[in-house]
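So the sequence lines, in the order shown, correspond to chains A and B.
By the working numbering, the letter at position 1 of the first sequence is numbered 17, and the numbering carries on one by one without gaps.
By the working numbering, the letter at position 54 of the second sequence is numbered 70, and the numbering carries on one by one without gaps.
C-beta: ideal position from N, C-alpha, C; glycine also.
The structure appears below as structure tokens.
Protein chains: 2
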Amino acid sequence: DVSRVAGIAHQAAVAKVTFVALVDRPGIAQTIFAALTIRQVHADLIVQNIGHQGRTDLSFTVPESDMEAASEAADEVRENVDAQSVTVKGGLAKVSVVGAGLSSSLEYASIMVGTLGELGINIDMISTSGIRITCVIDGDRVHEAVRALHRAFRLGGEDSWSATA
Amino acid sequence: DVSRVAGIAHQAAVAKVTFVALVDRPGIAQTIFAALTIRQVHADLIVQNIGHQGRTDLSFTVPESDMEAASEAADEVRENVDAQSVTVKGGLAKVSVVGAGLSSSLEYASIMVGTLGELGINIDMISTSGIRITCVIDGDRVHEAVRALHRAFRLGGEDSWSATA
Ligand SMILES: C[C@@H](O)[C@H](N)C(=O)O
Ligand SMILES: C[C@@H](O)[C@H](N)C(=O)O
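Structure below.
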């Protein structure tokens, strides 16, 4: 039942900045975001997953046009949070399935990642909420992904918008 | 300017299942979600961040009442996705700041993680979208966190709801 899906959103020219292996203790994320806020870095998506041996990675996406500034800001904070390194990757895109109650079943996420998997598109990051499932993928594949997701969720061409995915 | 924040949502009794170090190639997420869908596992939050040396972790949260079933389902799929292990952690909670246009500035995320950092509450996972910033934290600290976030975002007691954070 794909009726819960309202549309497909996408955003091209996305970059990702990652603090690799930072210390996983209270106050570390605070140090990072306070420093990035002062430098007026605008992050779209922020993702942190499980840590291992007391360290974890924290990533955020920015428009590719902000990649330089974001990377510089992250480098300045790196030592304060004892991150092993800061990595930056451009040429990415975000693609999102948008609707209501998408987390009521894994069916929606399954159709989305299944569609990308069939096309051989690797998923670089995943972030979901009740109304949105977002995958970060290679920027070269975004239009192909959007078209295929339209078909998979039986949407017309007009149910698509480019902006904040 | 905290006027964009509509309220604080939280969900107690949350568990997290993680596929540790699975192969980072197309179709892997598809295999996972197809298998979990068949077994009717309901995941709230799905997070995957950057990979290292061709492997990455993929986590999802479930209500603690589904922890057993979710962990068994994940174990059955583990070999198909060549994950080093599957870990399960209960006793967690989700707390979310909810509003519109929250990704317009890192200020909101910064106040949220700053509030948790001041209390010495460790952030286990982070996931954001334009209308929601969610942190997974230790379940014992959820009520303290919700109260402090109300103060930090200058909300009245009635701007809070417990449900899908
Ligand atoms: C890594 C970072 O999120 C840390 N766990 C914190 O609470 O600040
Ligand atoms: C790890 C998993 O997301 C993989 N990258 C995939 O595309 O399926």
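- No Cβ-Cβ contact shorter than 8 Å links residue 162 of chain B with residue 101 of chain B.
- The DSSP-derived three-state label of residue 19 of chain A is coil.
- Here DSSP, grouped into helix, strand and coil, assigns residue 149 of chain B to strand.
- Here residue 48 of chain A is near residue 74 of chain A, since their CB atoms are less than 8 Å apart.
- With its beta carbon at least 8 Å from every one in chain A, residue 92 of chain B lies outside the interface.
- Interface annotation for the region 113-145 of chain A against chain B: 119, 120, 121, 122, 123, 125, 126, 129, 130, 132, 133, 134, 135, 136, 137, 138, 139, 140, 141, 142, 143, 144 and 145, criterion Cβ-Cβ distance under 8 Å.
- Each residue's CA atom was taken as its position, placing residue 57 of chain B and residue 92 of chain B some 13 Å apart.
- With a threshold of 16 other beta carbon atoms within 10 Å, residue 27 of chain B meets it and is buried.
- Among the residues of the region 65-84 of chain A, those with a Cβ less than 9 Å away from any Cβ of chain B are 65, 66, 67, 68, 72, 73, 74, 75 and 76, in the order of the chain.
- With its beta carbon less than 8 Å from one in chain A, residue 40 of chain B belongs to the interface.
- Less than 8 Å divides the Cβ of residue 45 of chain A from the Cβ of residue 139 of chain B.
- Chain B has a Cβ within less than 8 Å of the Cβ of residue 46 of chain A.
- Not one beta carbon of chain A lies nearer than 8 Å to the beta carbon of residue 169 of chain B.
- Apart from sequence neighbours up to five positions away, the residues of its chain that approach residue 94 of chain A with a beta-carbon distance below 6 Å are 102, ordered along the chain.
- Residue 62 of chain B is bridged by DSSP to B:76.
- Interface residue (Cβ-Cβ distance to chain B less than 8 Å): residue 58 of chain A is classified as such.
- By the rule that beta-carbons nearer than 8 Å mark a contact, residue 29 of chain A does not touch chain B.
- If you check the CB distance, residue 127 of chain B and residue 144 of chain A do not come in under 8 Å.
- Contact note: residue 43 of chain A reaches chain B through 133, using a C-beta cutoff of 7 Å and chain order.
- Excluding five sequence positions before and after residue 160 of chain B, the CB atoms of its chain that fall closer than 7 Å to its own CB belong to 135, given in chain order.
- C-alpha of residue 106 of chain B to C-alpha of residue 72 of chain B: approximately 21 Å in a straight line.
- Boundaries of the alpha helix (DSSP H) around residue 126 of chain B: 123-134.
- DSSP, read as helix, strand or coil, puts residue 94 of chain A in helix.
- Pairwise C-beta distances place the region 18-34 of chain A out of contact with the region 116-124 of chain B, as fewer than three of them are shorter than 8 Å.
- Residue 41 of chain B has its Cβ nearer than 7 Å to a heavy atom of ligand 2.
- Counting the other Cβ atoms within 10 Å of the Cβ of residue 69 of chain A gives fewer than 16, which makes it exposed.
- Under DSSP, no beta-bridge partner is assigned to residue 137 of chain B.
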